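Line by line, the protein sequences are chains A and B.
Mapping of the first sequence onto our numbering: residues 1 to 137, in sequence order.
Mapping of the second sequence onto our numbering: residues 138 to 529, in sequence order.
Below: the structure, in C-alpha cells.
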Amino acid sequence: MSTNGYLTPLPMPSPDTAPYWEGLRHGQFLVQCCLGCGKKRHYPRPVCDACYSLDAEWVAIKVEGTLQSWTVCRHAFLPEFKEQLPYVVAIAEFEQGIRVNLRLEVPPDQPLRAGDPVRLVYRQVSEQLTLPVLALA
Amino acid sequence: MTHEKSSMTLKDKALVSGIGETRYVRAPGSGKTPIALQMEAALAAIADAGLRPKDIDGIIPFAIGPLVAEDFVTNFGITDLSFSALTPLGGASAVASLQCAAAAIAAGICRHVLLSLGRNGYSGTRIASRIAQMPQFRVVGEFEVPSGATTPVQFYAPMARLHMDRYGTTARQLGEIAVTMRKHALLNGNAVNKDPLSIEEYLASRMISEPLRLFDCSVESDGAACVVVSAAGHAAEMPRRAVYISGVGEGHPEMPSAVSQRADLLALGTAKAARKAFAMAGVKPADIDVAEIYDCFTYILLRQIEELGFCAAGEGGAFVQDGGIGLGGRLPVNTHGGLLSQAHVGGMNHIVELVRQLRGEAGHAQVQGAELGLVTGFGDMCDGTVAIMRRG
C-alpha cells in the first residue's frame, strides 16, 4: 500500500476530501467555502453547519497562523513512526479559525510558546502524496 | 417547531442488581478468548443479581466488540430477547449503556439488561493500536494520523499542556493522581499493578507524549466486567442491596471527531452530561460521597473533576493534591485503582466498584457511610457520560 519507501499510514481520501489532497500536491492548502453563506470549513465534509448548504467551492487560504498547543512524541504506538522519534505534533490556527494538527518541524528541545507564529509548508513524501507540515515562521 | 421533552424521568426507575468480574491480568495474558472472559463475568453478574441466565431479556454488548448480543443468546439459551443495542462512545460507552438500559426498562421493553465488556487488551490487539481502526476515528485517521498523532495520548497531551500553561497545573499534581490510584489498587485483590508507586518514580518515568509520562497512562490489560440493570421493582426479590440509578446523562463536545477543531481545546462532553445527571438526581456535587472517574490518563481525570463541578476550571490541580482524592480525602476517587492501576476494562470496572461502595462491600477501600456516588465514562475524543447512583 505504500510507495517510494514512505511507510507511515497513508490517508485514504474519499470523493468528499480528494480535492484537499490534490491541492497539496500542487502546493495549495484548500478548504471548502460554502456557496450558500460563504463560511469556510475544515476538515472537509459535505454540509455547511451554518446554512446546511451541500454546495461548496475549494479555495486556497493564507497558511500563516499561530501555535495553539503541541506535544513532543517520544513513544511510537505504530512501528512505522519509531525511527522518526522524537517528533513534535502541533495544533495551529489560520485565518477564520481554520485549525490543523500537523507535524511541526523543529528540534524536540525547541522552546515553544502558545501564540508563536507558524506557517504551513509542503513535504512531498512520495510521487502520489504530499503532506502538509508546520514550520516556525 | 419545538416540542417540550417528555416529562418522564429515568430517576430511580432502574437499579444495578448484579456485578461480575474476571481476574484482571497482564503478562502472560488471560489465556482465554474474549467470549470466554465475558461469559465468565456475565454468569457471575447474573448470579449476583439472583437471576438465571435465561432471565436476561436485554443485552448491550461493548460497542466495539468483539461480542454481539447473539453470543449471549446462544450461550445462555435465551428464548425471547426483547432488547439489544450498542452505545458507541468508546470509553464513555459503559456508562452510556446504563442510560440506555434504564431507558429501555422504564419504557417497559425489558426487565433485566446485561451490560458486558471484556477483551484481551494486553495479550491481544493492544488497546492503543486498536483505536486507530475505529470508525469514530475516521476523521483524524485521514487528517492527523499521517502526521504521527495516532493514539489517544497524543491527541490529549496538547490539552494537558495547555491546562498547565493556562492554570499552572504541575507534573507533581498529575503524579499525585497516579500515586493515589496505585495506593487504592494495592487495597484491591484484583489489580494488575501490585507494587507501590512513589511520586519520585512517577517523575522519573519516561515521557510518552509530553507532558504525559508512562505513569500518566492507563494499564492495558486482559479481563471482563459485567453489570445487570433491572427494573426498580426487582428490589424486593434481590439477594443484594439495591443500588439505584438516580441520575444519568451523556454529553458530546462540539466538533466531536477531533480535539484540534474545538474553539476551546480544553472542553470535554462531561460538563453537559453532568448537568443532566445532577438535575435528574436532584443533587449537587457536594452531596457525592465517592466517585469513580474514568482515568484513561491522569489529566483526563483532573479535567473531569472540573467539568463535573467539584471545583472550578483551573482548580483541578489543587483539588487532587495533598490527598484530596484519596480515601479520607475531600472526594475519594477510584477506590479500586482505576484504569491507571487496577485494569483497563473500559470503565465497566468503575461501575462495578461504585456498586460495591454503595452496597458497603468495598473491603479495605470502603468509604464509610457511602450513600450517594458518581461514575463517569470518557472516550472517543472527549465524549462524556455521568451516572449518579444511590444506595437503596
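We treat Cβ as the ideally placed atom computed from N, Cα and C, and that holds for glycine.
Remember, predicted model here, so these are calculated numbers, not experimental data.
{"query": "Expressed to the nearest angstrom, what Euclidean distance is found between the alpha-carbon atoms of Gln428 of chain B and Ile437 of chain B?", "result": "It is Ala, not Gln, that sits at residue 428 of chain B in the sequence shown. If I take the Cα positions, the gap works out to 14 angstroms."}
{"query": "Just how far apart, CA to CA, sit Val47 of chain A and Met518 of chain B?", "result": "21 angstroms"}
{"query": "For the candidate residues B:Arg528, B:Phe292 and B:Gly419, whose alpha-carbon lies nearest to that of Cys433 of chain B?", "result": "B:Phe292"}
{"query": "Inspect the beta-carbon positions of Pro108 of chain A and Pro132 of chain A and report whether they are closer than 7 angstroms.", "result": "no"}
{"query": "Quick one: which unbroken alpha helix (DSSP H) runs of 4-plus residues sit fully inside the segment 243-327 of chain B? Chain order, please.", "result": "264-267, 275-280, 289-304 and 308-322"}
{"query": "In chain order, what residues of the same chain lie with their CB nearer than 8 angstroms to the CB of Val316 of chain B, ignoring the 5 residues before and after it?", "result": "Leu334, Ser335, Ile336 and Tyr339"}
{"query": "Spatial neighbours of Pro93 of chain A within its chain, please: CB distance less than 6 angstroms, with the 5 preceding and 5 following residues excluded, ordered by chain position.", "result": "Checking the displayed sequence, the identity of residue 93 of chain A turns out to be Glu instead of Pro. So the list reads Gly65, Thr66, Gln68 and Arg99, once near-sequence residues are dropped."}
{"query": "Please report the straight-line C-alpha distance between Ser346 of chain B and Asn471 of chain B, rounded to a whole angstrom.", "result": "24 angstroms"}
{"query": "Let me know the secondary structure DSSP gives Gly5 of chain A once reduced to three states.", "result": "Caution applies to Gly5 of chain A, whose pLDDT of 48 falls short of 50 and renders its modelled position unreliable; the model cannot decide the point."}
{"query": "Quick one: residues in its chain with C-beta nearer than 6 angstroms to the C-beta of Glu177 of chain B, no 5 flanking neighbours on either side, listed in chain order?", "result": "Thr159"}
{"query": "Is any beta-carbon of chain A found at less than 7 angstroms from that of Pro390 of chain B?", "result": "no"}
{"query": "First and last residue of the alpha helix (DSSP H) that includes Ile488 of chain B?", "result": "Met485 to Arg496"}
{"query": "What alpha helix (DSSP H) runs, 4 residues minimum, are completely inside the segment 351-383 of chain B?", "result": "none"}
{"query": "When you compare the CB positions of Ala231 of chain B and Gly484 of chain B, do they come within less than 7 angstroms of one another, or not?", "result": "yes"}
{"query": "Count the other CB atoms within 10 Å of the CB of Cys37 of chain A; is the residue buried (16 or more) or exposed (fewer)?", "result": "exposed"}
{"query": "Output needed for Pro13 of chain A: all residues of its chain with C-beta closer than 7 angstroms, excluding positions within five of it in sequence on either side, in chain order.", "result": "Trp21"}
{"query": "Output the distance between the C-alpha atoms of Gln124 of chain A and Phe77 of chain A, rounded to the nearest integer angstrom.", "result": "24 angstroms"}
{"query": "Might you give, ordered along the chain, the residues of its own chain that have their beta carbon closer than 8 angstroms to the beta carbon of Pro19 of chain A, omitting 5 neighbours on each side?", "result": "Leu30, Pro44 and Trp58"}
{"query": "Listed in chain order, which residues of the segment 64-81 of chain A have Cβ atoms closer than 7 angstroms to some Cβ of chain B?", "result": "Gln68, Ser69, Trp70, Thr71, Val72, Cys73, Arg74, His75, Phe77, Leu78 and Phe81"}
{"query": "Closer than 7 angstroms, CB to CB, is Met344 of chain B near chain A or not?", "result": "yes"}
{"query": "So, for Ala328 of chain B: in the same chain, excluding its five sequence neighbours on each side, which residues have a beta-carbon less than 8 angstroms away from its beta-carbon?", "result": "Tyr161, Ala322, His473, Gly474, Ser478, Gln479 and Ala480"}
{"query": "Could you tell me which uninterrupted alpha helix (DSSP H) segments, each at least 4 residues in length, are contained entirely in the segment 421-479 of chain B, listed from first to last along the chain?", "result": "435-444 and 453-457"}
{"query": "What number of angstroms, rounded off, separates the C-alpha of Ser143 of chain B from the C-alpha of Gly305 of chain B?", "result": "44 angstroms"}
{"query": "Output yes if chain A places a C-beta closer than 7 angstroms to the C-beta of Leu476 of chain B; else output no.", "result": "no"}
{"query": "To the nearest whole angstrom, what separates the beta carbons of Lys409 of chain B and Gly521 of chain B, a pair I think is in contact under 8 angstroms?", "result": "7 angstroms"}
{"query": "Are the CB atoms of Ile488 of chain B and Val364 of chain B within a distance shorter than 7 angstroms?", "result": "yes"}
{"query": "Does the beta-carbon of Gly514 of chain B have 16 or more other beta-carbons within 10 angstroms, so that it is buried, or is it exposed?", "result": "buried"}
{"query": "Return no unless some Cβ of chain B is closer than 7 angstroms to the Cβ of Trp112 of chain A.", "result": "Correcting the residue identity first, residue 112 of chain A is Leu in this sequence and not Trp. No, because no Cβ of chain B sits closer than 7 angstroms to the Cβ of Leu112 of chain A."}
{"query": "Assign Lys169 of chain B to one of two classes, buried (16 or more other C-beta atoms within 10 Å of its C-beta) or exposed (fewer than that).", "result": "buried"}
{"query": "Along chain B, which residues have their Cβ under 7 angstroms away from the Cβ of Gln28 of chain A?", "result": "Per Cβ cutoff of 7 angstroms: no residues; Gln28 of chain A is ~16 angstroms from chain B at best."}
{"query": "Just the Cα atoms here: how many angstroms apart are Arg298 of chain B and Lys191 of chain B?", "result": "50 angstroms"}
{"query": "What are the boundary residues of the alpha helix (DSSP H) that Gln175 of chain B is part of?", "result": "Pro171 to Asp185"}
{"query": "Compare the beta carbon distance of Pro390 of chain B and Ala404 of chain B with 7 angstroms and say whether it is the shorter of the two.", "result": "yes"}
{"query": "Based on the DSSP secondary-structure assignment, which residues constitute the bridge partners of Met344 of chain B?", "result": "B:Arg350"}
{"query": "Using 7 angstroms as the threshold, is the C-beta distance between Lys413 of chain B and Gly451 of chain B below it?", "result": "no"}
{"query": "Listed from N- to C-terminal order along the chain, which residues in the segment 432-448 of chain B have their beta-carbon within a distance smaller than 7 angstroms of any beta-carbon of chain A?", "result": "none"}
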